[in-house]
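Novice:
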Amino acid sequence: MFTLSQDHIAELYAHAGETFPSECCGMVLRDTATGAVDVRRCTNVYDRMAAEDPENFPRDSRTAYLIDPAEQVAILKQVGKGAFLIVAFYHSHPEHDAYFSA
Numbered sequence: 171m172f173t174l175s176q177d178h179i180a181e182l183y184a185h186a187g188e189t190f191p192s193e194c195c196g197m198v199l200r201d202t203a204t205g206a207v208d209v210r211r212c213t214n215v216y217d218r219m220a221a222e223d224p225e226n227f228p229r230d231s232r233t234a235y236l237i238d239p240a241e242q243v244a245i246l247k248q249v250g251k252g253a254f255l256i257v258a259f260y261h262s263h264p265e266h267d268a269y270f271s272a
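Using this note's numbering, the final residue of the sequence shown is 272, and nothing's skipped along the way.
#1: For residue 196, write down the residues that DSSP places opposite it in a beta bridge.
#2: Of the residues 262, 232, 212, which one's Cα is nearest the Cα of residue 246?
#3: Relative to the alpha-carbon of residue 218, which residue among 178, 237, 269 has its alpha-carbon at the smallest distance?
#4: Going by DSSP in three states, residue 177 sits in which element: helix, strand or coil?
#5: Do you know offhand how far residue 235's Cα is from residue 175's?
#6: Which whole-angstrom value is the C-beta distance of residue 280 and residue 195, which I expect to be below 8 Å?
#7: For residue 201, which three-state DSSP category applies?
#8: To the nearest angstrom, how far is the alpha carbon of residue 191 from that of residue 242?
#9: By DSSP, does residue 236 sit in helix, in strand, or in coil?
As structure tokens, this is what we get:
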């Protein structure tokens with residue numbers, strides 16, 4: 171169980187606002203030692219991937235999201251060491267419908 175404070179919620183809104191019109195995504199972690207909740211923004215690298223490989227990445231960051239692999243690995247290493255638990259992911263769909271990805 172975890173609770174998002176008003177500051178955490180403000181951080182989620184700020185992230186979405188700063189990345190608009192692109193999608194944003196991040197992880198909510200809980201410190202296993204203290205129970206403190208931490209919002210971790212993740213970088214959307216979809217535009218870079220689309221520029222490198224448009225056939226396999228046909229959309230752009232306004233309608234697609236890909237977490238920077240280096241950021242994801244760094245967070246997962248902390249989780250793997252037992253320092254944090256991933257308690258939630260957050261993700262925006264700023265100018266289109268919400269739908270399940272293939």
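All C-beta atoms in this analysis are idealised placements derived from N, C-alpha and C, irrespective of residue type, glycine included.
Specialist: With the structure as the only source:
#1: As a first step, residue 196 must be located in the sequence shown, where it is residue number 26. The partner list for residue 196 (beta bridge, DSSP) reads 211, 260.
#2: In the sequence shown, counting from the first residue as 1, residue 246 sits at position 76. The shortest C-alpha to C-alpha distance from residue 246 to any of 262, 232, 212 is the one to 212.
#3: Translated into positions along the sequence shown, residue 218 becomes position 48. Comparing Cα positions, the closest option is 237.
#4: Locating residue 177 in the sequence shown gives position 7, where the first residue counts as 1. Of the three classes helix, strand and coil, the one that applies to residue 177 here is helix, per DSSP.
#5: Numbered from 1 along the sequence shown, position 65 holds the residue referred to as residue 235. Numbered from 1 along the sequence shown, position 5 holds the residue referred to as residue 175. Residue 175 has its alpha-carbon roughly 26 Å from the corresponding atom of residue 235.
#6: Here the chain has residues from 171 to 272 only, and residue 280 is not among them.
#7: Numbered from 1 along the sequence shown, position 31 holds the residue referred to as residue 201. Residue state, collapsed to three classes: strand.
#8: For the purposes of this step, residue 191 is taken as the residue at position 21 of the sequence shown. For the purposes of this step, residue 242 is taken as the residue at position 72 of the sequence shown. Distance between the alpha carbons of residue 191 and residue 242 is about 22 Å.
#9: Translated into the one-based positions of the sequence shown, residue 236 becomes position 66. The three-state reading of DSSP puts residue 236 in coil, since its state is none of H, G, I, E or B.
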